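Per numbering that gives the first Met the number 0, residue 0 is the first one in the sequence shown, and the count goes up by one each step.
Think of the CB as a built atom: it goes at the ideal place given N, C-alpha and C, for glycine as much as any other residue.
None of these values were measured; they are calculated from a predicted model.
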Amino acid sequence: MTTQRMPALFLGHGSPMNVLEDNRYTRAWAQLGETLPRPKAIVVVSAHWFTRGTGVTAMEAPKTIHDFGGFPQALYDTHYPAPGSPELAQQLVDLLAPTPVALDKEAWGFDHGSWGVLIKMYPNADIPMVQLSIDSTKPAAWHLEVGRKLATLRDQGIMLVASGNVVHNLRTARWHG
Numbered sequence: 000m001t002t003q004r005m006p007a008l009f010l011g012h013g014s015p016m017n018v019l020e021d022n023r024y025t026r027a028w029a030q031l032g033e034t035l036p037r038p039k040a041i042v043v044v045s046a047h048w049f050t051r052g053t054g055v056t057a058m059e060a061p062k063t064i065h066d067f068g069g070f071p072q073a074l075y076d077t078h079y080p081a082p083g084s085p086e087l088a089q090q091l092v093d094l095l096a097p098t099p100v101a102l103d104k105e106a107w108g109f110d111h112g113s114w115g116v117l118i119k120m121y122p123n124a125d126i127p128m129v130q131l132s133i134d135s136t137k138p139a140a141w142h143l144e145v146g147r148k149l150a151t152l153r154d155q156g157i158m159l160v161a162s163g164n165v166v167h168n169l170r171t172a173r174w175h176g
């Protein structure tokens with residue numbers, strides 16, 4: 000493990016099917032995991048966890064959330080048992096003060112916006128992770144300030160990963176015509 004400055008990544012996670020598929024996106028994610036320095040821990044922000052207020056997963060063993068429907072059973076049978084880090088969650092509470100950050104010790108876990116990408120980057124699921132929610136009540140400038148605070152973690156060997164897409168609404172997508 001290293002304490003060199005870790006990257007901050009934004010990865011478009013695309014379809015949940017990327018978990019099962021071998022394509023140019025999944026190969027690129029795997030290559031990132033092979034070529035980037037190994038982080039001590041990961042803070043991930045996914046387009047799938049919007050909350051009123053800010054929350055962070057704070058359990059030892061977060062569950063794998065299958066927050067999608069209509070896909071093959073093999074996708075629902077896939078789990079990403081990366082360890083959580085209550086200590087890192089508490090560090091985020093302190094870092095983001097005076098913003099209150101709720102420690103989620105049982106309700107959430109890792110949704111496919113986080114584990115769907117990281118399962119390709121770090122398939123052994125052996126790097127401690129926490130997932131930080133997106134506060135739907137705050138403006139973009141507030142989120143930018145949160146990002147500035149989170150950036151300080153990079154010098155402590157903690158990788159920042161954000162996942163989503165520029166457009167993220169499958170219900171309104173028109174695939175043909």
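In chain order, each alpha helix (DSSP H) run of at least 4 residues that lies wholly inside the segment 78 to 138: Within the segment 78 to 138, the complete alpha helix (DSSP H) runs of at least 4 residues are 85 to 94, 111 to 120.
Does the Cβ-Cβ distance between VAL116 and THR53 come in under 9 Å? In the sequence shown, counting from the first residue as 1, residue 116 sits at position 117. In the sequence shown, counting from the first residue as 1, residue 53 sits at position 54. Not a contact, by the Cβ cut-off of 9 Å.
For ALA62 and TRP48, what's the separation of their Cα atoms in angstroms? What you label residue 62 is simply residue 63 of the sequence shown in a count that begins at 1. What you label residue 48 is simply residue 49 of the sequence shown in a count that begins at 1. The sequence shown places Lys at residue 62, not Ala. When rounded, the distance between both Cα atoms is 14 Å.
Is the CB-CB distance between MET5 and GLY156 below 9 Å? On the sequence shown, position 6 is the one that residue 5 refers to. On the sequence shown, position 157 is the one that residue 156 refers to. Between MET5 and GLY156, the C-beta gap is smaller than 9 Å, which places the two residues in contact.
Between the C-alpha atoms of ALA7 and GLY108, what's the straight-line distance to the nearest angstrom? Taking the first residue of the sequence shown as position 1, residue 7 is located at position 8. Taking the first residue of the sequence shown as position 1, residue 108 is located at position 109. The alpha-carbon atoms of ALA7 and GLY108 are separated by roughly 21 Å.
Going by beta-carbon coordinates alone, are PHE67 and VAL160 separated by less than 9 Å? Sequence index remark: in the sequence shown, residue 67 carries index 68 (1-based). Sequence index remark: in the sequence shown, residue 160 carries index 161 (1-based). Not in contact: PHE67 and VAL160 (Cβ atoms no closer than 9 Å).
Just reading off the alpha helix (DSSP H) that LEU74 is part of, what are its end residues? In the sequence shown, residue 74 corresponds to position 75, counting from 1. If you look at LEU74, you'll find it in the alpha helix (DSSP H) that goes 72 to 75.
Cβ-based neighbour list, ALA140, same chain, cut-off 7 Å, excluding 5 preceding and 5 following: Reading the sequence shown from its first residue, position 141 is the one you call residue 140. Correct list: empty, nothing qualifies.
Alpha carbon of SER245 to alpha carbon of ARG153, nearest angstrom: Nothing about residue 245 can be reported from this structure: the residues present for the chain run from 0 to 176 only.
Separation of LYS119 from ARG51, as counted between CA atoms: Position 52 of the sequence shown holds residue 51. Position 120 of the sequence shown holds residue 119. Their backbone Cα atoms lie some 30 Å apart in a straight line.
Rounded to whole angstroms, how far is the Cβ of ILE41 from the Cβ of ILE133, which I believe are closer than 8 Å? Residue mapping note: residue 41 aligns to position 42 of the sequence shown, counting from 1. Residue mapping note: residue 133 aligns to position 134 of the sequence shown, counting from 1. So it is not a contact: roughly 17 Å between Cβ atoms.
According to DSSP, which residues form a beta bridge with THR50? Position 51 of the sequence shown, counting from 1, holds the residue named residue 50. Bridge partners of THR50 according to DSSP: ASP134.
Under a Cβ-count criterion, where at least 16 other Cβ atoms within 10 Å of its own Cβ denotes burial, should THR1 be classed as buried or exposed? As a first step, residue 1 is located in the sequence shown; it is residue number 2 there, counting from the start. Confidence is the limiting factor: at THR1 the pLDDT is only 48, short of 50, which leaves the residue's position unreliable, though a coordinate-based value still follows. The C-beta of THR1 has fewer than 16 other C-beta atoms within 10 Å across all chains shown, which makes the residue exposed.
Local conformation of THR63 per DSSP, three classes: Locating residue 63 in the sequence shown gives position 64, where the first residue counts as 1. The answer is strand: DSSP assigns THR63 an E or B state.
What does DSSP give as the partner residue(s) for VAL42 in the beta ladder? Counting from 1 along the sequence shown, the entry for residue 42 is found at position 43. VAL129, LEU159.
Helix or strand or just coil, what does DSSP make of THR56? Working through the sequence shown from its first residue, we reach residue 56 at position 57. Assignment of THR56 by DSSP, reduced to helix, strand and coil, places it in the strand class.
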